[in-house]
Amino acid sequence: MRRWFGWTGLGLIAACSSTTSTLSNGGASGSGQPPSEAAPTGQRWEGVVQDDACGRKSLQYILVDEVCGKLGGGYASLDLRAPMFRDGAQIGDHLFAVDGTHLWSLDTRDPSAPRRDALLAGLGQPIAAGAYGDRLLLASGDEGLVVVDVTDPAAPRRVSALTFDGPALDVHVAGDKAYVAAGDAGIAVVSLAGAAPTLERTIPVAGYAAAVTTRGNVAYVAACSTFVTVDLPSGKTLAQKWMADAVQNGVLVAPAKDVELVGDTAFVAAGATGAVAVDVSDPAAPRVGGNCTRPEPSFYASGVRASGGKLFVAGGEYGILPVSVENPGAACPSRAVPPPRVAPGASCSTAPPWEVLPWQETWEVVILPPPPPRGWDPIQTLPFGDRVYAFGDARRNGVRAIDVRAASDLVVFGRYAEPRRFVGMAASPGRAVLLGPSGGVFRIGEGGVATREPSAGDATLRTGRLATFLSDGRWAVLDGLTVLVEGAAAARYVGVSGASSMVPFGNELAIAAPNALVIADPDTGVSRRLTSTGALPPSLASSGGNLWIASPEATFASSYTGQGGLVAEPAQGIFDAEEILDTRLWQVRLPRRYLVPTNRGMVEVVTLGDKAGLTLHGESKKTVTLSLPPGQYVGAVGNGNYVHVAIIERSTYTSRLLTISLVNDRPELVTQEVFSGTAAGLAVAGPHLLVADGEGLLRSYRLESGKPVPEAVSHLELP
Amino acid sequence: MKRLPLLLLAVGAAGCLWRPERFDEDPEQAPPIRLAAPSVDRIEVPDWPPLGPTGKVRATVSDKQGSLVNVSARFRTTVRRSANGFETTATFTGMELGDGMGTLTIVAESRNGGRAEREVSRFLVDLHPPELESVRLGASPLLEGEAGELVFIVRDAWVLGRVEMTVAGQRFVHELPKGYPGTLGTTWDQSRVSFPVKGLPEGPRTASLLLVDAAGNSAGFEVPVTIDGTRPAARVLSPAEGSSVTGSFMVRVSGTDAGSIDPVQLQVFVGGTPVATLPGPTAELTLDSSTFSPGPTDITVVAVDRVGNQSPPYVTHVVLAAP
């Protein structure tokens, strides 16, 4: 047994996963480094320069509300980058959900299994939705109030938009008017009576208008640092009132960010403070009462909606907090304020150090509280009849999701999640195998159109992890610890778990996992093995009788002829041995490498943190590099003198396809395409470049002089 | 209850010896009655500044029999001074003692084998200069907050002193207050130091930084910086204004920055939705019209330069036709 790579990356992983913690609003990462974890639902990490003792200053990352900011002043522009659904509106049989970049039209006739009819961008940055007849109104940040005709839910159409002096953050419809919370511009009153919406007036309010609702002639505004009532006919502020202890140690810990009226009580979503009940029986003299909250650190109220005598508080990672509001004035009788933030404990003394505490007593271990448990994380709710939609923050789970819950007991009975119909692929001239729930074998026909060919291996293809085509043209799929080869009666045990790459190697199969490289006969399963102490998924490629293997933790790749030992190839030159040990870069994005055989030599695509690049291993061990855009790289494939790379951007639900020319041995980025959806893999099938995505689509590009020209999109999702 | 100094008599081959006593146990207590041994009567360490290379510790020792032979200081290294007579004062410099924090032991010895020790706990000597980490070497006088400042992190193993920056003939001094931070001995003393660039001439410059710690150790650095108060400009090169596009269409954008030679980043929006951020000065990307709402829409590009200056949005109006 040989070892090809022998250092431990596990320590690095542990280091980067334990450097920060998610705390309730106002918590601090304390490390001075950008936090490695996404902020909890409804919040964001913000770097603030903090005055420490002795005149020192440091940068601390603290959790602040993602809309209201550190002190309730909001932000100049929207920058909501979490991959999550944020709100929705039900019109007829369809739920129209928004995620900050796209509109998702979901058929909810069967609420236990919502089905997507359309996905649309170009509507600004939609974060809140309302309905006006068969028109959908979107609060779309800097794009203002966007009106969408959803008469045909399969083809929504933007019909108009109205911008304001501040970002549109929330919309409330009453009669023929829409009221838009527009940040520091206040609230905008929009007439919907005409063909296009018209701005009647903008009413300035104190604070930063994050949400608004109305009743009669009064508007009730959740304005981050305060709660405001406004007389609509005159535009005058009737009153502003909020919790006295909303700001603690310079951070707004009770951000007023959503509002719902039930009877004479306004319930205001206020982060960890929960739903704050404000008696508005006299709108000119509102009285802040108790608050409904939970002591769990995972609870963070971002949205409030009520129906049928119940208030549904979207509590972030805690879930939904239901509150009976049959008697709204008594719904939240007590006052529970989150514990105050602990101020920095630094000190300063002019006394000499030998009069300070002994050395050993100053070594205190700071134990940060554990991150909240994983969960589906609603940031907003939408009661509709006997159901409640919970718009999910899926940042910890990696996908957008909407839970459909029974209004009576909040039991989940349906879910729509960002699709992952395909998770990987391989191709040969004329054929492709796609892995994932809609996986199968496909014939690539004229014009790049894919046609499903039922196969005995379909079940394995739908659960398989890796696929490739053998040198004799048969496909092979790794599923668990076994490999199934096309035409074989049964899968063969190869005994490698956590594999990340599989390629043909002569008449054999090479399979790499972080800790092992297995070379197996695909028909008999007889294998030989090399071991490693690596921790990250390595990449494999075979070219000219050599097998190349690259571990993300290393700066170099190794080649192997099948005999003797592995030979170290020149370093990739994108990051060096020192950078690979920098956990700050790991916190941004874990290192990844892809090996791609080309006519010009082996190519490596390398990423670490926000660095990405391509290295061409040319003749005489000479390497040439090219910087590439940062992102989450999901695959790379060679095509003669060209390399194609797929990157996904989860926050905007888009993917990018890059093509790099290697002509004259000078790598050059020649084309890039952006499309909606998350790419799952790419492969070259004869004259076609194929890109599979999570939506169940297979995009085909005709390769003209190496460059991809879009030719067909095949919808391959199984019913 | 007042503690009595440890006074234990031991009998050994060398005669009667006092067990070492602790300097800091009860400084007001008079030295114990000594029989036939020397004593360390006084140790003087300045309260401020912390001991640097030339800082001095003075130790006064005595012997009632007048037979002092030497006095030594034991820290990172042991430094010995010859002595004689009934009383002597020895001086030790920080450079002689070595860098660090720990226990300093002053030892007095007499010719007849008598010996006394006295300790200083958490004694500090700083011989190394501060270090510099550059955080933001480009700044814009147009921008607020740190985007309008040159930002550094300075750190010293023990106690920081001041930072001087000279750029374009202007000198800035950031003096840290005198005092020992509470983190002394547990972590390096560290501070973020920033200098606003308003009023400085634009362009690439060299900033000279002098870092001085509280003990007087210093280090100089030459750092290239950029003061860029010029907004970049952006353009949509294609599709053309008023054109109709369908299916896959190419968007070409460009950005220029008179204030810097570094390429700008180009943020591209379609219908207000961010679709990509691309490196300039020119970039192209292919989009699929079916991804977007059909009808009239805007393609907008904003250029952002390295220091954070943003161009005004450049908007091209097109009509997206359903494929």
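Chains as they are written, first to last, in our numbering: chain X, 1 to 719; chain Y, 720 to 1042.
Glycine included, every Cβ here is placed at the ideal spot set by N, Cα and C.
Which listed residue (the options) has its alpha carbon closest to that of residue i
i, options, result
"arginine 793/Y", "Gly785/Y, Pro1015/Y and Gly813/Y", "Gly813/Y"
"alanine 755/X", "Ala306/X, Ala269/X and Arg215/X", "A query on residue 755/X cannot be resolved here, the shown segment of chain X reaching from 1 to 719 and no further."
"aspartate 693/X", "Gly525/X, Leu435/X and Leu614/X", "Leu435/X"
"alanine 977/Y", "Ala1022/Y, Gly867/Y and Gly804/Y", "Ala1022/Y"
"leucine 916/Y", "Asp1017/Y, Thr905/Y, Gly888/Y and Ile872/Y", "Note on residue identity: the sequence assigns valine, not leucine, to residue 916/Y. Ranking the options by Cα distance to valine 916/Y, first place goes to Gly888/Y."
"alanine 407/X", "Ala351/X, Val323/X, Leu162/X and Ala161/X", "Val323/X"
"leucine 843/Y", "Thr807/Y, Asn789/Y, Gly832/Y and Ala933/Y", "Ala933/Y"
"glycine 638/X", "Thr625/X, Gly686/X, Ala612/X and Thr623/X", "Gly686/X"
"glutamate 1003/Y", "Ala679/X, Gly696/X, Leu658/X and Glu704/X", "Leu658/X"
"isoleucine 444/X", "Ala113/X, Gly133/X and Ala426/X", "Ala426/X"
"glutamine 984/Y", "Gly990/Y, Pro849/Y, Val970/Y and Thr975/Y", "Thr975/Y"
"leucine 997/Y", "Gly774/Y, Ala953/Y and Ser1008/Y", "Ala953/Y"
"arginine 777/Y", "Lys783/Y, Ala809/Y and Val839/Y", "Ala809/Y"
"asparagine 664/X", "Gly316/X, Thr598/X, His94/X and Asp134/X", "Thr598/X"
"phenylalanine 575/X", "Lys611/X, Trp586/X, Val567/X and Ser543/X", "Lys611/X"
"leucine 903/Y", "Ser438/X, Arg56/X, Leu80/X and Ser620/X", "Arg56/X"
"aspartate 79/X", "Thr992/Y, Val1038/Y, Thr1005/Y and Pro1031/Y", "Thr992/Y"
"leucine 869/Y", "Lys897/Y, Asp947/Y, Ala959/Y and Arg841/Y", "Asp947/Y"
"threonine 925/Y", "Leu816/Y, Pro943/Y, Ala938/Y and Val931/Y", "Pro943/Y"
"phenylalanine 914/Y", "Ser840/Y, Met884/Y and Ala938/Y", "Met884/Y"
"valine 337/X", "Thr265/X, Ala330/X, Asn327/X and Glu296/X", "Glu296/X"
"glycine 966/Y", "Leu718/X, Val713/X and Ala568/X", "Val713/X"
"alanine 155/X", "Gly385/X, Thr463/X, Val262/X and Asp107/X", "Asp107/X"
"glycine 207/X", "Asp184/X, Ala401/X and Thr213/X", "Asp184/X"
"valine 886/Y", "Gly918/Y, Leu862/Y, Glu894/Y and Ser910/Y", "Gly918/Y"
Close Cβ partners of residue i (< 8 Å) along its chain, the five nearest in sequence each way excluded
i, result
"glycine 129/X", "The question names glycine, but residue 129/X is alanine in the sequence shown. Excluding residues within five positions, the ones whose Cβ falls inside 8 Å are Asp87, Gly88, Ala89, Phe96, Ala97, Val98, Leu136, Leu137, Leu138, Ala139 and Val171."
"leucine 470/X", "Ala476, Val485, Pro504, Asn507, Leu509 and Pro522"
"isoleucine 320/X", "Phe312, Val313, Ala314, Pro378, Thr381, Val388, Ala390, Arg405 and Leu410"
"arginine 593/X", "Pro538, Ser539, Ala550, Ser551, Pro552, Ala557, Gln572, Glu604, Val605, Val606 and Thr607"
"serine 77/X", "Gly141, Asp142 and Pro167"
Presumed contact (8 Å Cβ cut-off) between residue i and residue j, rounded CB distance
i, j, result
"valine 634/X", "glycine 681/X", "7 Å"
"arginine 874/Y", "aspartate 908/Y", "7 Å"
"glutamate 695/X", "arginine 421/X", "6 Å"
"alanine 512/X", "serine 500/X", "6 Å"
Three-state secondary structure (DSSP) of residue i
i, result
"arginine 462/X", "helix"
"cysteine 292/X", "strand"
"cysteine 54/X", "helix"
"asparagine 639/X", "strand"
"glycine 329/X", "helix"
"serine 1063/Y", "Outside the shown range of chain Y (720 to 1042) lies residue 1063/Y, about which nothing can therefore be said."
"proline 710/X", "strand"
"leucine 816/Y", "helix"
"isoleucine 651/X", "Note on residue identity: the sequence assigns serine, not isoleucine, to residue 651/X. Serine 651/X falls in the helix class under three-state DSSP."
"valine 663/X", "helix"
Same chain, Cβ closer than 7 Å to residue i, five either side skipped, listed in chain order
i, result
"threonine 652/X", "Thr101"
"histidine 847/Y", "Asp818, Ala876 and Asn936"
"serine 302/X", "Thr41, Gly42, Lys257, Asp258, Ala269, Ala314, Gly316, Ile379 and Gln380"
"alanine 75/X", "It is worth fixing the name first, because residue 75/X is tyrosine in this sequence and not alanine. Result list for tyrosine 75/X: Gly69, in chain order."
Contacts around residue i, its chain only, beta-carbon distance under 6 Å, and the 5 residues preceding and following it disregarded
i, result
"arginine 548/X", "In the sequence on display, residue 548/X carries tryptophan and not arginine. Excluding positions up to five away in sequence, the list reads Ala541, Ala557, Ser559, Leu595 and Met602."
"glutamine 632/X", "Ile648"
"lysine 124/X", "Reading the sequence as shown, one finds glycine at residue 124/X and not lysine. Contacts found: Ser140, Gly141, Glu143 and Val146."
"arginine 287/X", "Asp279"
"serine 627/X", "Gly613"
"threonine 824/Y", "Arg793, Glu836 and Glu838"
Any non-hydrogen atom of the ligand HEM closer than 7 Å to residue i Cβ
i, result
"glycine 250/X", "In terms of ligand content, the structure shown is empty, and the ligand HEM therefore cannot be addressed."
> Which runs of the alpha helix (DSSP H), 4 residues or longer, sit entirely within the segment 538 to 622 of chain X?
Replying inline: 583 to 588
> Which ranges does the beta strand (DSSP E) cover as unbroken runs of at least 3 residues, wholly within the segment 211 to 279 of chain X, from first to last along the chain?
Replying inline: 211 to 215, 218 to 222, 227 to 231, 236 to 241, 258 to 262, 265 to 269 and 275 to 279
> Which runs of the beta strand (DSSP E) fall wholly inside the segment 481 to 528 of chain X and span at least 3 residues, in chain order?
Replying inline: 482 to 485, 501 to 505, 508 to 513 and 516 to 520
>> Suppose only complete runs of 3+ residues qualify. What are the beta strand (DSSP E) ranges in the segment 106 to 144 of chain X, listed by chain order?
In response: 115 to 120, 128 to 132 and 135 to 139
>> If we require 4 or more residues per run, which alpha helix (DSSP H) segments fall completely within the segment 886 to 962 of chain Y?
In response: none
> Whole beta strand (DSSP E) runs in the segment 157 to 199 of chain X with 3 or more residues, listed along the chain?
Replying inline: 157 to 162, 170 to 174, 177 to 181 and 187 to 191
>> Runs of 4 residues minimum, wholly inside the segment 794 to 867 of chain Y: which ones carry the alpha helix (DSSP H) assignment?
In response: 813 to 816
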